[in-house]
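Undergrad:
Protein chains: 2
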Amino acid sequence: MPHETTTTTGPAHRHGAATLTIVDASGAPLRDTEVTVEQTRHAFTFGNIGFDFVDLAADADADAAAANADATAHLADLFADVFNTATLPFYWGRFEPERGAPDTRRLLAAARWFGERGIAVKGHPLVWHTVQPDWLLGLPTDEVEQLLRSRIRREVSDAAGVIDTWDAINEVVIMPVFDNGDNAITPLARARGRIPMIRMAFDEARAANPNATLLLNDFDLSSAYECLIEGVLEAGVQIDAIGLQTHMHQGYWGEETMLAMVDRFARYGLPLHLTETSLVSGDLMPAHIVDLNDHQVDSWPSTPEGEARQADDVERHYRSLVGHPAVEAITYWGITDADAWLGAPIGLVRADGTPKPSYDALRRLVKQEWWLGPTVLRTDERGAVQVRGFRGDYRVDVRGTTAPFTIADAPARVHIVA
Amino acid sequence: MPHETTTTTGPAHRHGAATLTIVDASGAPLRDTEVTVEQTRHAFTFGNIGFDFVDLAADADADAAAANADATAHLADLFADVFNTATLPFYWGRFEPERGAPDTRRLLAAARWFGERGIAVKGHPLVWHTVQPDWLLGLPTDEVEQLLRSRIRREVSDAAGVIDTWDAINEVVIMPVFDNGDNAITPLARARGRIPMIRMAFDEARAANPNATLLLNDFDLSSAYECLIEGVLEAGVQIDAIGLQTHMHQGYWGEETMLAMVDRFARYGLPLHLTETSLVSGDLMPAHIVDLNDHQVDSWPSTPEGEARQADDVERHYRSLVGHPAVEAITYWGITDADAWLGAPIGLVRADGTPKPSYDALRRLVKQEWWLGPTVLRTDERGAVQVRGFRGDYRVDVRGTTAPFTIADAPARVHIVA
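Same order as they appear, the protein sequences are chains Z and U. Mapping of the first sequence onto the working numbering: residues 4 to 421, in sequence order. Mapping of the second sequence onto the working numbering: residues 4 to 421, in sequence order.
(1) With H, G and I counted as helix, E and B as strand and the rest as coil, what does DSSP make of Glu37 (chain Z)?
(2) Just the chain Z side, please: which residues come within less than 9 Å of Arg2 (chain U) by C-beta, in chain order?
(3) Beta-carbon of Ser153 (chain U) versus every beta-carbon of chain Z: anything under 8 Å?
(4) Examine chain Z for any beta-carbon lying closer than 8 Å to the beta-carbon of Leu231 (chain U), and answer yes or no.
(5) Name the two residues that bound the continuous alpha helix (DSSP H) containing Trp95 (chain Z).
(6) In chain Z, which residues lie less than 7 Å from Arg267 (chain U) when you measure between Cβ atoms?
(7) Along the chain, which unbroken stretches of the alpha helix (DSSP H) at least 4 residues long are found entirely within the region 121 to 172 of chain U?
(8) Measuring alpha carbon to alpha carbon, tell me which of Z:Thr339, Z:Leu217, Z:Ser302 ends up nearest Arg202 (chain Z).
(9) Nearest to Arg267 (chain Z) by CA position, among Z:Phe117, Z:Asp223, Z:Asp73, is which residue?
(10) Just to confirm, is the Cβ distance from Val159 (chain U) to Ala114 (chain U) under 8 Å?
(11) Identify the contact partners of Ile166 (chain U) in chain Z, using a Cβ-Cβ distance below 9 Å as the criterion.
(12) Can you give me the C-alpha to C-alpha distance between Val325 (chain Z) and Arg44 (chain Z), rounded to a whole angstrom?
(13) Does the region 196 to 213 of chain Z touch the region 164 to 184 of chain Z, meaning 3 or more C-beta pairs lie closer than 8 Å?
(14) Determine the contact status of Val134 (chain Z) and Leu191 (chain Z), defining contact as a CB-CB distance below 8 Å.
(15) State the Cα-Cα distance for the pair His320 (chain U) and Glu258 (chain U), rounded to the nearest angstrom.
(16) Going along the chain, which residues of its own chain have a beta-carbon closer than 7 Å to the beta-carbon of Phe117 (chain Z), five neighbours each way excluded?
(17) Just checking, does the region 272 to 287 of chain Z make contact with the region 239 to 249 of chain Z on the three C-beta pairs under 8 Å criterion?
(18) Does the contact criterion of 3 or more C-beta pairs under 8 Å hold for the region 23 to 36 of chain Z versus the region 366 to 379 of chain Z?
(19) Taking the alpha-carbon positions, what's the Ala311 (chain Z) to Pro100 (chain U) distance?
(20) Roughly how many whole angstroms lie between the Cα atoms of Ala104 (chain Z) and Gly96 (chain Z)?
(21) Who does Gly392 (chain U) pair with in a DSSP beta bridge?
(22) How would you call Leu140 (chain Z), buried or exposed, if buried means at least 16 neighbouring beta carbons within 10 angstroms?
(23) Does Val57 (chain U) pass the burial test, meaning 16 or more other C-beta atoms within 10 Å, or should it be called exposed?
(24) According to DSSP, is Gly246 (chain U) helix, strand or coil?
(25) Please tell me whether Gly272 (chain U) and Glu233 (chain Z) are closer than 8 Å, where the distance is taken between their beta carbons.
(26) Is there a Cβ of chain Z sitting closer than 8 Å to that of Glu372 (chain U), yes or no?
(27) For a contact meaning CB atoms closer than 9 Å, what does Arg193 (chain U) contact in chain Z?
(28) Along the chain, where does the alpha helix (DSSP H) containing Gly118 (chain U) start, and where does it finish?
(29) Starting from Val176 (chain Z), find everything on chain U with Cβ-Cβ shorter than 7 Å and list it in chain order.
(30) Note down the Cα distance separating Met264 (chain Z) from Gly239 (chain Z), rounded to an integer number of angstroms.
(31) Measure how close the beta-carbons of Ala341 (chain U) and Ala354 (chain U) come, nearest whole angstrom, since I'm counting them as under 8 Å.
(32) Check whether chain A comes within 8 Å of Gly196 (chain U), counting only Cβ atoms and requiring the distance to be less than that.
(33) So, at 6 Å on beta carbons, what are the nonlocal neighbours of Arg193 (chain Z) in its own chain, with the 5 sequence-adjacent residues on each side left out?
(34) For Pro360 (chain Z), which residues does DSSP report across the bridge?
(35) Comparing C-alpha positions only, which one of U:Arg270, U:Ala76, U:Pro274 sits nearest to Leu219 (chain U)?
(36) Let me know the secondary structure DSSP gives Gly309 (chain U) once reduced to three states.
Here it is in structure tokens:
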């Protein structure tokens with residue numbers, strides 16, 4: 004038995020093991036040698052929205068000094084210390100407000116900026132009925148479809164290799180029937196039907212980037228979404244992951260409700276991504292509000308009591324979901340309260356840039372309890388050490404040589420020449 | 004222009020016309036001759052449940068004198084005077100409480116009894132997760148599926164020609180997830196998925212009776228049912244009509260809500276059947292009850308105020324739905340309050356056998372306003388009269404000869420030898 008280090012905390016189904024055998028240049032095992040191993044990345048997606056960094060990244064790209072660059076850089080450090088994935092906004096109406104002038108350069112600069120920091124990027128969303136370009140209005144349905152297809156191909160293909168995960172289509176359950184003001188997508192969805200809309204989004208995105216991970220994403224977690232998913236699967240459309248939104252402005256649902264919901268969607272054998280998680284650190288939104296967008300308040304402060312509750316909620320939410328084998332991603336919906344959705348104090352960082360207790364609670368889980376920090380081991384008589392821990396990327400340092408290795412589902416055997 | 008009689012009342016899209024040319028044995032037109040035309044049946048399905056008549060029909064069949072035969076015969080007259088279709092119960096758990104001993108003879112006797120009275124019969128339901136046989140419990144899933152398939156084939160094939168309309172499957176939206184006590188169908192639906200369950204029901208029923216009209220039927224009229232229907236249509240399963248339940252124990256929904264719902268389901272271009280309509284003539288069930296079955300009361304009387312409201316509700320409900328072109332059937336869920344579902348006063352006839360105002364209101368619509376009673380016309384110089392009216396079956400009497408004719412979508416030309 005090689006010497007072993009084990010992360011014993013956290014759910015066992017997240018763990019894996021690697022056996023490292025250290026040899027010298029001649030191939031002889033380095034016995035009884037000190038090595039240092041440490042985790043560098045989680046395989047599990049701990050995501051957050053990266054909307055706040057698009058300007059910073061664009062400015063950095065242009066080498067301009069923004070007034071608030073320092074604050075944003077500080078926020079970026081907080082982001083990168085906990086999250087390994089950023090969701091960037093591709094809402095068509097904002098991405099291409101003027102027909103033919105998409106915001107590709109700025110968004111891809113932001114995506115690369117994250118990439119340089121080891122943070123993967125997900126695009127959100129390719130098809131939705133909200134935040135749509137005005138210039139689509141009044142065009143014939145067939146032309147809207149062609150423009151939508153082109154836009155999917157363009158965004159996915161321009162970003163391929165930089166952004167390889169997409170919410171292919173968003174909120175389809177409500178898409179053909181939601182009274183959402185004037186937009187060109189609702190009538191298209193009504194004319195074509197929900198499943199053809201989904202097939203359209205997945206077909207175009209898949210053709211533009213066969214390596215992409217494509218999600219169906221919805222806030223409607225009722226039987227309606229189950230029925231839709233079953234129809235899509237019967238129709239032979241390949242979904243790579245099921246996206247489940249959980250905006251909890253009206254209060255944390257609790258582990259039991261959340262896991263019962265997750266169990267319902269786990270039936271399909273597909274990875275589950277909790278794509279949009281919000282928990283407030285102030286007053287809760289009244290329970291009678293049906294569409295969260297209908298709750299407009301002048302001021303929605305973060306409070307000490309709210310922050311304590313949010314920290315507790317965040318910890319329970321992540322602990323229970325990381326504990327469910329079907330869940331592969333949790334994306335939180337806001338790093339900071341500044342410019343947060345609906346003005347709600349859902350951020351993990353206050354508007355003044357200081358971390359809330361929820362940030363610290365999540366960091367403790369992600370980077371301590373579920374994380375293998377630098378750990379010194381000694382090789383056995385065959386030059387081997389065994390490392391157990393959360394699945395993800397690791398590195399080993401031995402005699403001045405550094406080598407990466409991965410802990411995945413299957414036990415790995417790695418030979419390192421040092 | 005032949006002389007004409009027109010039913011000018013009711014929605015024009017329900018009307019049709021037939022031109023009758025009356026000739027003598029030599030083929031010469033009978034000019035200026037008196038003919039009497041009258042309607043004998045509506046093409047539109049005005050249905051009700053026939054559960055109360057199963058025993059009567061079976062007794063009559065056995066030539067036995069039941070104690071309450073007179074009362075039931077009176078109820079049967081009231082039924083036959085308004086309704087042209089009866090729904091009969093084929094709940095598996097009651098139809099075959101002992102494995103291998105189905106209640107086929109009694110149910111088919113009832114179906115024939117209705118047939119002899121010019122009343123078509125519909126079977127309800129072939130597949131459901133409620134009222135299931137106990138003897139299915141504990142059997143392996145594959146065996147449950149085989150037994151279910153056999154039961155569908157058996158019932159549909161035994162009844163072919165007598166019952167040619169079926170609720171092929173009932174309440175699929177909730178089928179795999181509803182916590183409904185111990186039954187063998189919920190686990191089967193969870194294992195197979197909703198669409199395969201629907202395909203199973205339709206495939207087996209279609210194979211057993213290719214002429215049958217097969218319905219998908221649900222009480223969940225939300226987006227979930229739309230998503231399910233779209234998935235089923237994408238999967239290539241042929242649905243003959245979409246069944247929409249409207250049990251309104253908590254109060255009439257009103258024309259606007261009802262028609263907006265109907266419009267959502269009319270999008271699929273399929274006939275819509277309002278399969279289960281209830282309106283109470285007493286206190287309304289409290290609005291907070293979610294599952295109507297959860298409301299248990301010792302006594303739920305019909306009241307004068309309730310009866311006046313029910314009559315008004317019934318008239319508005321039928322008037323608005325007959326006015327919608329996609330609706331082809333409305334089935335009311337109870338002729339009498341005696342033994343009505345949930346003990347609710349939803350009947351159109353009181354428990355003592357006297358008609359409520361709702362019965363009279365509905366009869367007035369179905370047999371007066373929307374109906375062509377015996378009408379005397381004179382043929383023109385070509386021996387012709389034109390008849391306009393609600394689509395359905397008619398007859399003409401001329402010089403002692405009686406001949407049937409039909410008013411359908413396309414104008415008909417009928418030659419009658421008298």
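Even for Gly, the Cβ is constructed at its ideal location relative to N, Cα and C.
TA: The relevant details are as follows:
(1) Glu37 (chain Z): strand per DSSP, three-state reduction.
(2) The structure shown does not extend to residue 2 (chain U), since chain U spans only 4 to 421, so no value can be given for it.
(3) No, Ser153 (chain U) lies away from the interface with chain Z (no Cβ there is under 8 Å from its Cβ).
(4) By this cut-off, Leu231 (chain U) is an interface position.
(5) Run containing Trp95 (chain Z): 95 to 98, per the alpha helix (DSSP H) assignment.
(6) Near Arg267 (chain U) (Cβ distances below 7 Å), the residues of chain Z are Val180.
(7) Taking only runs of at least 4 residues, the alpha helix (DSSP H) segments lying wholly in the region 121 to 172 of chain U are 144 to 162.
(8) The shortest Cα separation from Arg202 (chain Z) among Z:Thr339, Z:Leu217, Z:Ser302 belongs to Z:Leu217.
(9) With distances taken between Cα atoms, Arg267 (chain Z) lies closest to Z:Asp223.
(10) The beta carbons of Val159 (chain U) and Ala114 (chain U) sit no closer together than 8 Å.
(11) By Cβ distance, chain Z contributes nothing, its closest Cβ being about 29 Å from Ile166 (chain U), past 9 Å.
(12) About 16 Å.
(13) They touch, by the three-pair rule.
(14) In this structure, Leu191 (chain Z) does not lie closer than 8 Å to Val134 (chain Z) by Cβ.
(15) Each residue's alpha carbon lies about 7 Å from the other.
(16) For Phe117 (chain Z), where only same-chain residues beyond five positions count, the Cβ hits under 7 Å are Gly53, Ala89, Val124.
(17) Yes, the region 272 to 287 of chain Z is in contact with the region 239 to 249 of chain Z.
(18) Two segments are said to touch when three or more pairs of C-beta atoms, one from each, lie closer than 8 Å; by this definition the region 23 to 36 of chain Z does not touch the region 366 to 379 of chain Z.
(19) CA-CA distance, Ala311 (chain Z) to Pro100 (chain U), rounds to 58 Å.
(20) Roughly 11 Å separates the two Cα atoms.
(21) Looking at the DSSP output, Gly392 (chain U) bridges to U:Gly19.
(22) When all chains shown are included, Leu140 (chain Z) counts as exposed.
(23) It is buried - the Cβ of Val57 (chain U) has at least 16 other Cβ atoms within 10 Å.
(24) For Gly246 (chain U), the three-state secondary structure derived from DSSP is strand.
(25) No, Cβ-Cβ distance for Gly272 (chain U) and Glu233 (chain Z) is not below 8 Å.
(26) For Glu372 (chain U), the answer is no, since every Cβ of chain Z falls outside 8 Å of its Cβ.
(27) Within chain Z, the residues Arg270 have their CB atoms less than 9 Å from the CB of Arg193 (chain U), given in chain order.
(28) 107 to 119 is the extent of the alpha helix (DSSP H) around Gly118 (chain U).
(29) Using a Cβ-Cβ cut-off of 7 Å, Val176 (chain Z) is close to Ser226, Cys230 of chain U, given in chain order.
(30) Computed Cα separation, rounded: 24 Å.
(31) Correct: roughly 4 Å between the Cβ atoms.
(32) Here chain A cannot be found, since the structure's protein chains are Z and U.
(33) In its chain, beyond the 5 residues on either side, Pro179 have a beta carbon closer than 6 Å to the beta carbon of Arg193 (chain Z).
(34) According to DSSP, which records beta bridges pairwise, Pro360 (chain Z) is partnered with nothing at all.
(35) Residue U:Pro274 is the option with its Cα nearest to Leu219 (chain U).
(36) Note: Gly309 (chain U) maps to helix in three-state DSSP.
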